[in-house]
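A.B. asks: Structure in structure tokens, see below.
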Amino acid sequence: MAWNLSFLLVWFMLATCINSESQIINEKRLLLTDPDYADNQQMQSDIQLLKATMSQLQTTVNTLNNKVIGQDKQIQSQDKQIQSQDRQIQSQASVITTFQNNPSGSIYVRWGRKECPTNATEIVYTGIAAGGHYTNPGRPSNPVCVPHDPDLGQVSHESVFGQFFGMEYETNDFGSNLINKDVPCAVCRVSHASTVLMIPGKSHCYSGWKTEYSGNLMSGHYGHAGASQYICVDSIPDVLEAGSRDDNGYLLFGVKSYCGSLKCPPYVQDTLFKCVVCSK
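In mature numbering (1 follows the signal peptide of the UniProt record, and there is no 0), the protein residues as written are -20 to -1, 1 to 260.
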């Protein structure tokens, strides 16, 4: 009888355990099919997707931020360049204004006259046209206009030196009774121009240039030993008072065309060259 009770007790306990396990399994099966559980799984999946999307968006934002920072640096650099260019433009504008208000002007010599043209030209001084002797092979080629009121230097006893002689006309082609007469000159300043140009072979300036004076092209004789330069002597030449003695010195002759290497036409054999002095 005792054994039967023991057997019943064991069987009861075993049955209870099996029943409990079945309930647990059933509960687990119910949880796997529970709608809340499915929703939770979907939510977890959505959260993972959102996290991935957020990560991609953050990467994109970081990239855009880096681009914006780079563009800001470029803009700052360009701003500095623009400011520098603005300063340069302002400086150049200031220089232009200075030149417009206070032009530097230009200087030229009017050969053969004692005065400057009246077209807004300032006379610096009048003088005597002079240069080296026509027979001296070592003379400077360029003539100069020396003033009537020199500041004299000391007397020299050296045996080697340069020389100044007066300039004389050696032709009557450009005025009656000019030959052997001394040549005057005037140094002139134009305030309206920065450039002065002598044009040989023309009696009028080209468009855009202003005529200072016109005249005849003259130089030394081609057969003389002393070098010379071409100068433009006024078309109405003047002479110096008491300057008619034939002392020679720097001699002036008209300049003629010689065909060959000089193309004719447009030039014509033996015609005298005219000239014009222009400013701009």
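Even glycine gets a Cβ: it sits at the ideal position worked out from N, Cα and C.
Would P127 and G112 be called neighbours here (beta carbons separated by less than 9 Å)?
C.D. replies: Their beta carbons are not under 9 Å apart, which means P127 does not touch G112 by this criterion.
A.B. asks: Leaving out five residues before and five after P164 in sequence, what residues of the same chain have Cβ atoms less than 6 Å from its Cβ?
C.D. replies: Cβ within range, chain order: K94, D218 and L220.
A.B. asks: Kindly indicate which residue of T151, L29, K260 and V135 has the alpha-carbon position closest to the one of W189.
C.D. replies: Closest by alpha carbon: K260.
A.B. asks: Suppose you measure from the CA of H172 to the CA of G85; what does that come to, to the nearest Å?
C.D. replies: So the two alpha carbons sit approximately 6 Å from each other.
A.B. asks: So I211 and W91 are supposed to be a Cβ contact under 8 Å. How far apart are they, rounded?
C.D. replies: Between W91 and I211 the Cβ distance is about 5 Å, and since that is below 8 Å, they are a contact.
A.B. asks: Name the DSSP beta bridge partners of I87, please?
C.D. replies: DSSP lists R169 as partners of I87.
A.B. asks: Is it true that the segment 224 to 234 meets the segment 145 to 158, where meeting means three or more beta-carbon pairs spaced less than 8 Å apart?
C.D. replies: Output reads yes: the segment 145 to 158 touches the segment 224 to 234.
A.B. asks: Just curious, the beta strand (DSSP E) that V140 is in, first and last residue?
C.D. replies: Here V140 belongs to no beta strand (DSSP E), and DSSP marks it neither H nor E.
A.B. asks: How about R119 and G206: are their beta carbons less than 9 Å apart?
C.D. replies: Yes, Cβ-Cβ distance for R119 and G206 is below 9 Å.
A.B. asks: Considering only the alpha carbon of each residue, which of S241, S215 and Q58 lies closest to S156?
C.D. replies: Checked all of S241, S215 and Q58; the closest Cα to S156 is S215.
A.B. asks: Please report how far the alpha carbon of T43 lies from the alpha carbon of K53, in whole angstroms.
C.D. replies: Computed Cα separation, rounded: 16 Å.
A.B. asks: According to the Cβ coordinates, are I69 and A166 closer than 9 Å?
C.D. replies: No; because the gap between Cβ atoms is not below 9 Å, this pair is not in contact.
A.B. asks: Distance check for Q65 and Q72, CA to CA, integer angstroms please.
C.D. replies: Roughly 10 Å separates the two Cα atoms.
A.B. asks: Indicate whether G234 and L197 have their beta-carbon atoms separated by less than 9 Å.
C.D. replies: In contact: G234 and L197 (Cβ atoms closer than 9 Å).
A.B. asks: For G142, which residues from the same chain have a beta carbon less than 8 Å from its beta carbon, with the 5 sequence-adjacent residues on both sides left out?
C.D. replies: The answer, listed in chain order, is G112, R119 and P120.
A.B. asks: So for I62, helix, strand or coil by DSSP?
C.D. replies: Helix at I62.
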